[in-house]
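Working notes, structure below.
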Amino acid sequence: MIEILLNLQLLAPFFLFLFLILPILFFFSSTFKNKQPLPTTNVLTIPKSYPLVGSYFALKRMGNRRIQWLSDIVQSSPAATFIFHRPMGHRQVMTGNPAIVEHILKTRFSNYQKGDFLISTMSDFLGSGIFNADGKTWKFQRQVASHEFNTKSIRKFVEDVVDAELSDRLLPIMASAAQQDQTLDFQDILQRFAFDNICKIAFGFDADYLRPSVERSKFALAYEEAAEIITKRFRELFPLWKVKRALNIGSEKRLRMAVREVHEFAKNIVREKKKELKEKEVLESVDMLSRFLSSGHSDEDFVTDIVISFILAGKDTTSAALTWFFWLLSKYPRVEKEIMKEIMEKSEAPVYDEVKHMVYTHAALCESMRLYPPVPMGTREAADDDVLPDGTVVKKGMLVTYHVYAMGRLESIWGEDWAEFKPERWLQKDESENWMFVGKDSFTYPVFQAGPRMCLGKEMAFMQMQSMVAGILRRFTVVPTVAEGVEPNFISFLSSQMEGGFPVKIIEREASN
C-alpha cells in the first residue's frame, strides 16, 4: 500500500498534465474522426500535424494498416524520407534510403544507438540483453555471442535440433492433417515449431509447444503475452503504461506476472546448469546457455537476459518469413516448380552441406523476405545533432526509423517489377549455365540489419528455413484456403505476422513426383 501511495505521489504531475490536455485531445480526436476521409493508396501525402498530438490520430486510424500506410508515404517521398510528427512536438525520421541506412547503421554507428526511449520501454522484459543494450554492455555481449555462433559444434547442434523437430513432430502433424482433410493455421504451426527449436538451442529445454496437447507450456504462453504487451507500449499516445505499471493494474499487471514466469523459469534452468557444471566441471550439452556457462560467464542475470534475447530473435522471425514464403509459393506455381526440381536433386534427408547449396531456394527465401520482412522497421536514437546524407537535420534525441518493408518496394532499388515475386533477381547463370546466388548489400536489403549489429544468426536462420522448405515440399503441397484474390494483411508486433492466421489444407504429393 505504501509503495502504491509513493508511486501516486510521483505520478501526480503526470495526472495533472493529463487533466489539462485531455479535453484538447478529445477535440482533435473527434475532429479527425468526423472530417478526415480514410486515405487510399492513391493519397500519399505526409499526414497533417496538430499541436500536442502531432500526427498520432492519423496513424491510429490506420489500425493494422499502419506499416503499409507509412510504407506508401516513404515510397512517394523525395529521397524516400520524410518527417513524422509524434506527440509533444517530437519528430521522427522515416526513411527507405540505403544511403541513410548505411549512415545510421555503420558510418555514424556511435551516434545512433538503441537509446533511452527504446531501452526503457523494453527493459522490463529484456533487461540488459544484447537486443536491448548499448555501449560497453552491448559490445561485451556481442563479442561473447559472436565467438559461440562461429563454432562448428553449434551449427551441428542446430542442424540436429531442426531435423528432429521436423521429422518427429512437424511432418507427422502435416501428414495427419492431409489424411483427415483438416485445415491448419500454418502460421501458428510454424510459430510453435520455431519456439520449440529456439528453446532447445538457447536453453537446451524442450518446450514441447508444437505437439498437440491440452496443457501448453506456461513458459511459452507467458513469453508470448509479455512480447505482445511490450509491443503495445510503443503504440500509446502518452506512456500511460507507466501509470499502470506503478499501480500494478491492467495489462502491466499481466506483464509483470508473465515476465516473472519467464525469468524465474530461465533462472531455474541457469541454476540447474550451474550446479551440473560445478559437479561435472564440463557440461555435455552444447546449447547457448551451456556454452556461455562453460566459457566462464556465470553471472545469473547476464546469461538469463542474453538467452531470453536470443529466444526473442529466433522465436517468430523464421516462422514469419516462412508463413509469407508459403503463401507466395501458392500464388507463383512456377517458382514452386523450380524449388521442387532443386529439392529432388538432393537426398531424402539432406544434410547441411546439401541444404546450403540449394541456391534457388535460398534466392526465393530472400525474395520473400524482401516483400515481407520478419522485422519491418528498425529504429535508432540520435545521441547528438547530425545531418543525414539527403540533408535532413537530426537533433539530439530524435528517432530515425529505417522502413525495411518500404525498401523492398522501392522502384528505384528493385525496378518496375518490384511487386513481382521473382527469385531470379538474386541469381545469375555461371559458365556451366547453373544458377549462382548474387546477394545485395545489407544497406539496400537490411532484413538482417547491417553494420556492427548485423544479425549473428543469419546463417543459422537460412539453414533452418531451407531444411524446413526441403522437408515440407518434398512430401506436401501447402494450399491456402482463403478465397481467390483475397490478400492477407501484413501486421507486426515485435516481428511480422499474417493478420488472422494462415489457414491451409495439406495435400500429400504423389510418390512419383
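Take 345 as the starting number for the sequence shown in our numbering and just add one per residue.
By construction, the Cβ of each residue, glycine as well, lies at the ideal position given by its N, Cα and C atoms.
Exercise for the section: Please work out which residues of its chain come closer than 6 Å, Cβ to Cβ, to Gly722, disregarding the five sequence neighbours upstream and downstream, and give them in chain order. Expected result: Numbered from its first residue, the sequence shown carries residue 722 at position 378. Excluding residues within five positions, the ones whose Cβ falls inside 6 Å are Tyr746.
Handout entry: Spatially closest choice to Leu621 from Gly473, Ile850, Lys450 and Ser638, by CA coordinates
Key = Counting from one through the sequence shown, the residue named residue 621 turns up at place 277. When only C-alpha atoms are compared, the closest one is Ser638.
Exercise for the section: Go through the segment 476-545 residue by residue and report every complete run of the beta strand (DSSP E) that reaches 3 residues or more, in order. Expected result: 527-529
Practice task
Return the CA-CA distance between Ala610 and Thr648, expressed in angstroms with no decimal places.
Solution key: As a working note, residue 610 is residue 266 in the sequence shown. As a working note, residue 648 is residue 304 in the sequence shown. Those two C-alpha atoms are separated by around 6 Å.
Handout entry: 6 Å CB neighbourhood of Val445 in its chain, flanking five on each side removed
Key = As a first step, residue 445 is located in the sequence shown; it is residue number 101 there, counting from the start. Only Tyr746, Phe787 and Pro790 meet the Cβ criterion.
Problem - Buried or exposed by the 16-neighbour rule on C-beta atoms within 10 Å, applied to Pro677 - result: Taking the sequence shown and counting its residues from 1, one reaches residue 677 at position 333. Classification for Pro677: exposed.
Handout entry: Bridge partners - Val822, DSSP secondary structure assignment
Key = The sequence position of residue 822 within the sequence shown is 478, counting from 1. Note: Val822 sits in a beta bridge opposite Ile850.
Exercise for the section: Compute the distance between the beta-carbons of His447 and Pro824, then report whether it is under 8 Å. Expected result: As a working note, residue 447 is residue 103 in the sequence shown. As a working note, residue 824 is residue 480 in the sequence shown. Their beta carbons are not under 8 Å apart, which means His447 does not touch Pro824 by this criterion.
Exercise for the section: Could you pull the start and end residues of the beta strand (DSSP E) that Trp779 belongs to? Expected result: In the sequence shown, counting from the first residue as 1, residue 779 sits at position 435. Looking at the DSSP string, the run of the beta strand (DSSP E) that includes Trp779 is Trp779 to Phe781.
Exercise for the section: Say yes only if the C-beta of Ala423 is nearer than 7 Å to one or more non-hydrogen atoms of the ligand SAM, and no if none qualify. Expected result: In the structure on display, the ligand SAM does not appear, and there are no ligands present to speak of.
Exercise for the section: Within 10 angstroms of the Cβ of Gln523, are there 16 or more other Cβ atoms? Answer buried if so, exposed if not. Expected result: As a working mapping, residue 523 is identified with position 179 in the sequence shown. Answer is exposed; the Cβ neighbour count stays below 16.
Exercise for the section: Could you spell out where the alpha helix (DSSP H) holding Lys681 opens and where it closes? Expected result: As a working mapping, residue 681 is identified with position 337 in the sequence shown. Run containing Lys681: Pro677 to Met688, per the alpha helix (DSSP H) assignment.
Handout entry: Any chain B beta carbon closer than 8 Å to Lys618
Key = Absence of chain B from the displayed structure is noted, only one protein chain being present.
Problem - Ala489 versus Ser653, Val679 and Tyr704, residue with shortest Cα-Cα distance - result: Here residue 489 refers to the residue found at position 145 when the sequence shown is read from its first residue. Measuring from the Cα of Ala489, the nearest candidate turns out to be Ser653.
Practice task
Give me the Cα-Cα distance between Leu362 and Thr465, rounded to the nearest whole angstrom.
Solution key: Here residue 362 is taken as the residue at index 18 of the sequence shown, counted from 1. Here residue 465 is taken as the residue at index 121 of the sequence shown, counted from 1. Reliability fails at Leu362, whose pLDDT of 47 lies under 50, so the model's placement of it is uncertain and no value is given.
Practice task
Determine the DSSP secondary structure at Glu620, reduced to helix, strand or coil.
Solution key: In the sequence shown, residue 620 corresponds to position 276, counting from 1. Residue state, collapsed to three classes: helix.
Exercise for the section: State the DSSP-derived secondary structure class of Ser415, mapped to helix, strand or coil. Expected result: Position 71 of the sequence shown holds residue 415. Here Ser415 sits in helix by DSSP.
Handout entry: Bridge partners - Asp730, DSSP secondary structure assignment
Key = Numbered from 1 along the sequence shown, position 386 holds the residue referred to as residue 730. BP columns for Asp730 point to Val738.
Exercise for the section: Examine the Cβ distances between the segment 407-422 and the segment 829-836 and report whether three or more of them are shorter than 8 Å. Expected result: Short answer: they touch.
Practice task
Please report how far the alpha carbon of Leu449 lies from the alpha carbon of Val418, in whole angstroms.
Solution key: In the sequence shown, counting from the first residue as 1, residue 449 sits at position 105. In the sequence shown, counting from the first residue as 1, residue 418 sits at position 74. Each residue's Cα considered, the two are about 19 Å apart.
Handout entry: CB of Glu605 within 8 Å of CB of Ala566, strictly
Key = Within the sequence shown, numbered from 1, the residue matching residue 605 stands at position 261. Within the sequence shown, numbered from 1, the residue matching residue 566 stands at position 222. Cβ atoms of Glu605 and Ala566: closer than 8 Å.
Exercise for the section: Would you mind reading off the limits of the alpha helix (DSSP H) that contains Thr465? Expected result: Mapped onto the sequence shown, residue 465 falls at position 121. Counting along the chain, the alpha helix (DSSP H) containing Thr465 begins and ends at Gly459 to Leu470.
Problem - Which of helix, strand or coil DSSP assigns to Leu771 - result: The residue you call residue 771 lines up with position 427 of the sequence shown. Reduced to three states, the DSSP call for Leu771 is strand.
Practice task
Assign Lys685 to one of two classes, buried (16 or more other C-beta atoms within 10 Å of its C-beta) or exposed (fewer than that).
Solution key: The residue given as residue 685 occupies position 341 in the sequence shown. Exposed, because fewer than 16 other Cβ atoms sit within 10 Å of the Cβ of Lys685.
Exercise for the section: Could you tell me whether the segment 423-434 touches the segment 707-717, using the rule of 3 or more Cβ pairs below 8 Å? Expected result: no
Practice task
Can you tell me which of the three DSSP states Leu554 falls into?
Solution key: Against the sequence shown, residue 554 aligns to sequence position 210. If DSSP states are grouped into helix, strand and coil, Leu554 belongs with coil.
Exercise for the section: Kindly indicate which three-state DSSP category Arg753 falls into: helix, strand or coil? Expected result: Reading the sequence shown from its first residue, position 409 is the one you call residue 753. Three-state DSSP puts Arg753 in coil, outside helix and strand.
Exercise for the section: Give every residue of the same chain whose Cβ lies closer than 6 Å to the Cβ of Gly658, excluding the five residues on either side of it in the sequence, and list them in chain order. Expected result: Working through the sequence shown from its first residue, we reach residue 658 at position 314. So the list reads Ile542, once near-sequence residues are dropped.
Exercise for the section: Could you tell me whether the Cβ atoms of Phe530 and Val744 are closer together than 8 Å? Expected result: Counted from its first residue, the sequence shown places residue 530 at position 186. Counted from its first residue, the sequence shown places residue 744 at position 400. No, the pair does not count as a contact, with Cβ atoms beyond the cut-off.
Problem - Helix, strand or coil at Arg452 [DSSP, three-state] - result: As a first step, residue 452 must be located in the sequence shown, where it is residue number 108. Of the three classes helix, strand and coil, the one that applies to Arg452 here is coil, per DSSP.
Exercise for the section: Starting from Val798, trace the alpha helix (DSSP H) both ways and give me its first and last residue. Expected result: Stepping through the sequence shown from its first residue, residue 798 is reached at position 454. In the sequence under discussion, the amino acid at residue 798 is Met, which differs from the Val named in the question. It is not in any alpha helix (DSSP H) - Met798 carries neither H nor E in the DSSP assignment.
Exercise for the section: Please determine, among Leu403, Lys739, Ser420 and Asp504, the residue with the shortest C-alpha to C-alpha distance to Met804. Expected result: Residue mapping note: residue 804 aligns to position 460 of the sequence shown, counting from 1. Ranked by Cα distance from Met804, the first of Leu403, Lys739, Ser420 and Asp504 is Asp504.
Practice task
Check Val630 in the structure and name its three-state DSSP category.
Solution key: Locating residue 630 in the sequence shown gives position 286, where the first residue counts as 1. The answer is coil: DSSP assigns Val630 none of H, G, I, E or B.
Practice task
Pull up the DSSP beta-bridge partners for Val744, would you.
Solution key: To locate residue 744, count along the sequence shown from 1; it is residue 400. Per DSSP, Val437 and Arg724.
Practice task
Could you tell me if Glu568 is buried or exposed, where buried requires 16 or more neighbouring beta carbons within 10 angstroms of its beta carbon?
Solution key: If you number the sequence shown from 1, residue 568 lands on position 224. The residue in question, Glu568, is buried, as its Cβ has 16 or more Cβ neighbours within 10 Å.
Problem - Backbone secondary structure at His447 - three-state DSSP - result: Residue mapping note: residue 447 aligns to position 103 of the sequence shown, counting from 1. Helix.
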